[in-house]
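A quick write-up on the structure given underneath.
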Amino acid sequence: MKGNWTVVEAMRYARHDWMNQLQLLKGNITLQKWERVQAIMDDLIVQAQQDSRLTNLGKPQFAETLLTFNWENHSFQIEWEILEEGYTLDIEDEYLVKSFNEWFSFINENAKPYEDNRLFIRLQKDETTYVFSLEYMGEWKVDLTKWLNDWCLHSPITHSAKLIQQDQEQFLVHWYV
């Protein structure tokens, strides 16, 4: 991760993202594809709500990491969903960022380059713990099992992690914190 974005750099990337969406809207309005216009607007609203939930977690470094990740060159892109508002993660921000950066580095090294690789991150709360679901879709080069076991042993915030599914084109891990 680059780390220290200036306000001007952050605004430039955010403005670029918004301009892409506005051009998409404008093109579909011009073509009078009203259902597509509505779908784009709905997606923009959902993304704004998710960005709000992310920034309201009270973990500014973590929020910055996710919000700026796709602005940089990686072998995969990320999306996220926080299922409910009002989550209060009892985890140090720096440990959360460190753990995700370890995941991102591992995936970046093992995702097949130049493919449409995506990591979907979902945060939800079970009865007593928070669960990050990490669902990767794209070309994949290695078995995740050994790395996951090693990672769990040294992670300061992991209660456990469970490999739910894995094949050459996807994996799903539930990470309990």
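Each residue of the sequence shown is one higher than the one before, counting from 1 in full-length UniProt numbering. Where a beta carbon is used, it is the ideal one built from N, C-alpha and C, also for glycine.
*N110 to V131, Cα distance in whole Å?*
24 Å
*For I121 versus I78, is the C-beta spacing smaller than 8 Å?*
yes
_Cβ-based burial, E64 [other Cβ within 10 Å; buried from 16]_ = buried
_Selection from I40, I157, E81 that minimises the alpha carbon distance to E102_ = I157
_Please tell me whether W80 and L66 are closer than 8 Å, where the distance is taken between their beta carbons._
Yes, Cβ-Cβ distance for W80 and L66 is below 8 Å.
*Between L25 and A48, what straight-line distance do the alpha-carbon atoms span, to the nearest angstrom?*
16 Å
*Of all the alpha helix (DSSP H) runs that stay within the bounds of the region 30-90, which reach a length of 4 or more residues?*
34-55, 60-69
*Measure the Cβ-Cβ separation of Q166 and L134 and say whether it is below 8 Å.*
no
*What's the C-alpha gap between R12 and W18?*
Using only the alpha carbons, I get a separation of about 10 Å.
_Rounded straight-line distance, which links the Cα of T68 to that of W5_ = Going by the C-alpha atoms only, they are around 9 Å apart.
*List the residues that DSSP assigns as beta-bridge partners of V131.*
Q124, Y176
*Is the CB-CB distance between T129 and H154 below 8 Å?*
no
*asked:* Is the separation between the beta-carbon of I45 and that of N28 shorter than 8 Å?
replied: The Cβ atoms of I45 and N28 lie no closer than 8 Å to each other.
*asked:* Within a Cβ cutoff of 7 Å, which residues of the same chain sit near T55, ignoring the five residues on either side of it in sequence?
replied: A63
*Kindly indicate the opening and closing residues of the alpha helix (DSSP H) around L163.*
First-last for L163: 160-167, but that is the beta strand (DSSP E), not the alpha helix (DSSP H).
_Terminal residues of the alpha helix (DSSP H) in which W5 lies_ = Neither: W5 is in no alpha helix (DSSP H) and is coded neither H nor E.
_Whole-angstrom distance between E139 and R53, CA atom to CA atom_ = 30 Å
*Host alpha helix (DSSP H) of I107 (start-end)*: 93-110
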